[in-house]
Amino acid sequence: MALDQSFVGRTYPPTPAYEVGREKIREFAEAVGDTNPAYVDPEAAKALGHSDVIAPPTFVFSITFKAAGQVVRDPQLGLDYSRVVHGDQKFAYVRPVRAGDRLTVTSTIEAVKSMAGNDIVDIRGEVHDESGEHVVTAWTKLVARGAEEA
């Protein structure tokens with residue numbers, strides 16, 4: 007069953023604030039194999055003009071994907087998450103994410119499409135810090151695979 011096109015443009019409430027910690031940044035950088043010293047050494051980050059360590063560019067995926075869960079769990083949308091695969095991800099940064107940031111995410115459905123029996127949902131996550139400053143926009147594409155024929 008195709009998803010409801012009227013959901014395009016629907017915006018969900020901002021998430022509770024997520025506090026970015028140095029240790030979380032270090033763990034993420036280690037997990038993705040990125041050895042940039044600005045991710046683990048406050049002095050290296052300061053030498054580059056940052057107030058503290060910064061996060062690798064894909065770090066915000068963890069909080070924007072969690073925020074997209076509001077869309078996924080919306081029973082009115084009718085997305086079958088058991089059939090969902092991650093189709094695409096992209097980011098547009100205003101500034102790097104820094105240790106100590108308290109970030110919220112507001113998710114908006116940008117597109118709902120059906121293609122080759124699959125439902126595709128594009129979600130935009132706007133990430134802001136506690137002062138309301140825009141930090142990054144993340145786009146997530148989810149593909150709900152069509153039911154297999156018997």
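Residue 156, in my numbering, is where the sequence shown stops; the numbers in between run on with no holes.
Even glycine gets a Cβ: it sits at the ideal position worked out from N, Cα and C.
Computed from a prediction, not measured in an experiment: that's the story for all the values here.
*Please confirm whether Phe97 and Val142 have their CB atoms less than 8 Å apart.*
yes
*In its own chain, which residues sit with a C-beta less than 7 Å from the C-beta of Ala54, not counting the 5 before and 5 after it?*
Reading off the sequence, residue 54 comes out as Leu, not Ala. Ala44, listed in sequence order.
*asked:* For the beta strand (DSSP E) containing Ser120, name the first residue and the last one.
replied: 108 to 121
*Please classify Glu136: does DSSP put it in a helix, a strand, or coil?*
coil
*asked:* Quick check on Tyr87: buried or exposed, where buried means 16 or more other Cβ atoms within 10 Å of its Cβ?
replied: exposed
*In three-state terms, what does DSSP make of Thr17?*
strand
*Nearest to Pro102 (by Cα), restricted to the options Ile129, Glu116, Ser57*: Ser57
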